[in-house]
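With my numbering applied, the sequence shown covers 112 to 348. All C-beta atoms in this analysis are idealised placements derived from N, C-alpha and C, irrespective of residue type, glycine included. Keep in mind the model is a prediction, meaning the values are calculated, not measured. Take a look at the structure below.
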Amino acid sequence: FAAIHGTRDGSATYAQYLLKPDHLLVPIPDGLSYDHAAMACCGLGPTFGAMQTMAVNAFDTVLITGLGPVGLGGVINGVFRGARVIGVETNRYRAALAQELGAAAVVDPTDPDALAQIRELTAGRGVDKAIDCSGVVAAHRLCIDAARRKGQVAFVGECSDDTPLRISPDMIRKGLTLIGSWHYRMQDTPAIMALIGQVGAQLDKLITHRFPLAAVQEAWELQLTGESAKVLLQPWA
112 FAAIHGTRDG SATYAQYLLK PDHLLVPIPD GLSYDHAAMA CCGLGPTFGA
162 MQTMAVNAFD TVLITGLGPV GLGGVINGVF RGARVIGVET NRYRAALAQE
212 LGAAAVVDPT DPDALAQIRE LTAGRGVDKA IDCSGVVAAH RLCIDAARRK
262 GQVAFVGECS DDTPLRISPD MIRKGLTLIG SWHYRMQDTP AIMALIGQVG
312 AQLDKLITHR FPLAAVQEAW ELQLTGESAK VLLQPWA
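Below, the structure written as structure tokens:
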């Protein structure tokens, strides 16, 4: 496949057709729309994989930094699992949407007391699990600092900058588990599709705009304003 396409997984840009290896193609269950099923990719998918790895459950308080479309998908994932979700976001539009999707609270990371607020929301204990969806170094540190002893931190947002990690206080003394998570395992596809079938009303809130493929420039300009969540391109509209 790579010899024909040039990549192992069929990486491509926006188009009406994409060439993909057959092992990456899964059927959409009956009753799911294309719009909702698409959220198994870069909507619910990244944080779904992280939460599967961390075994997020109803006893957990989960911190999610960066409430763009992926982080908002994380709110849906966490709430579905019964967890208490605390978000971190500067954008008021997305902070409000996160609470509409079920986040218990949203903290502004530019507030000097952001870490103290998170600790107060957890009775001084810290969060059980944290997921960064922003790819921002300061958010990485906030996740690490806000996590409780023996807590878990997953990094989902892409970042090529150096994040400071203090081996003794962060890893040895605090006993944190740090995880890098890209998406979810193929064998978990039935599980995420089942989830999607149960959170349709939430997905309708997450998907805020739809554009025909020919209007991709307009779609990106809207995305850059921050006044949107998940923006869909419809290739045949």
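- Task: Could you spell out the range, first to last residue, of the alpha helix (DSSP H) harbouring F191?
- Result: For F191, the uninterrupted alpha helix (DSSP H) segment begins and ends at P180 to F191.
- Message: I'd like the ranges of any alpha helix (DSSP H) spanning at least 4 consecutive residues and lying wholly in the stretch 257 to 309.
- Response: Counting only runs of 4 or more, we get 300 to 309.
- Task: Have a look at P138 and S279 and give me their C-alpha separation to the nearest angstrom.
- Result: Cα to Cα, the separation comes out at about 47 Å.
- Task: Report buried or exposed for S245, applying the criterion of at least 16 other Cβ atoms within 10 angstroms of its Cβ.
- Result: Buried: at least 16 other Cβ atoms inside 10 Å.
- Task: Take P346 as the anchor and find which of Y125, G142 and V218 has the nearest alpha-carbon.
- Result: Answer by Cα proximity: Y125.
- Task: Per DSSP, which residues does G237 bridge with? Please list them.
- Result: Per DSSP, none; premise fails for G237.
- Task: Spatial neighbours of A206 within its chain, please: CB distance less than 8 Å, with the 5 preceding and 5 following residues excluded, ordered by chain position.
- Result: Cβ within range, chain order: L178, G198, E200, V217 and D219.
- Item | Segment limits, beta strand (DSSP E) that includes V217 | Note, V217: beta strand (DSSP E), A216 to V218.
- Item | Per-residue DSSP class, three states only, for T164 | Helix, per DSSP.
- Message: Looking at the secondary structure, which residues open and close the beta strand (DSSP E) in which V327 lies?
- Response: Run containing V327: none in the beta strand (DSSP E); it sits in the alpha helix (DSSP H), V327 to T336.
- Where R119 sits in the DSSP three-state scheme: Of the three classes helix, strand and coil, the one that applies to R119 here is coil, per DSSP.
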